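If you want our numbering, it's the position in the sequence shown, counting the first as 1, plus 20.
Below is one structure; the comments refer to it alone.
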Amino acid sequence: MTTGDGGILCVDTKQAWRSGDEGATWSSTPLFRESEKFAVSNERALLRTRKGVVIAAWMNMAEKNAPAWNLWGGSKEVFDQFILPTYVCRSRDDGKTWEAPIKLNQPWCGCIHSMIETRSGRIVLVGQEIIYPGWRHATVMFVSDDEG
């Protein structure tokens, strides 16, 4: 993602990485104060709003719970054991510091598709979660009218 000063910003499992020289050198800052509670998935979305707020969305691998896959399709009790929640966190200074993460959902998230800002300023994050009954993935949208 391009920062307000023309730099580059990306995130990995626990860090935000910034470059001000087109990727020749990088510096990192932690995404989380309590890093043991969070691990950003490889599949994630990153957006800088027109007002300069950076929003990162991801599945929290630190909370991932996946019982034996042969249980997939079982009872509601089994369904509730499959956990891979979606989170977002924000930065108001182009990734130098980050606010505490916010959990958007609890069920197993199948993927993070994309995140956009509409003309009105509404943020739309598209992902998936499994639904019960049926045990299939459904596309879900999370929206924010206050920049995440």
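Glycine included, every Cβ here is placed at the ideal spot set by N, Cα and C.
None of the values given here were measured: they were computed from a predicted structure.
Per the contact definition of three or more C-beta pairs closer than 8 Å, is the region 54 to 64 in contact with the region 26 to 40? yes
Contact between the region 98 to 113 and the region 76 to 88: three or more CB pairs below 8 Å? yes
Considering just the uninterrupted stretch of the beta strand (DSSP E) at residue 63, what are its terminal residues? 60 to 68
Our contact map puts residue 137 next to residue 70 with C-beta atoms below 8 Å; I'd like the distance itself, whole angstroms only. Contact holds; Cβ gap of about 6 Å.
Can you give me the C-alpha to C-alpha distance between residue 66 and residue 139, rounded to a whole angstrom? 18 Å
Note the first and the last residue of the continuous alpha helix (DSSP H) segment covering residue 99. 96 to 99
CA-CA distance, residue 117 and residue 50? C-alpha of residue 117 to C-alpha of residue 50: approximately 8 Å in a straight line.
DSSP-derived helix/strand/coil call for residue 140: coil
Helix, strand or coil, according to DSSP, for residue 21 in the structure here? coil
Look up residue 124 in the DSSP assignment and say whether it is helix, strand or coil. Residue state, collapsed to three classes: strand.
Quick one: grab the DSSP three-state call for residue 145. strand
Work out the CA separation of residue 28 and residue 90 for me, nearest whole Å. 43 Å
Tell me the DSSP bridge mates of residue 129? Answer is none; residue 129 lacks a bridge partner.
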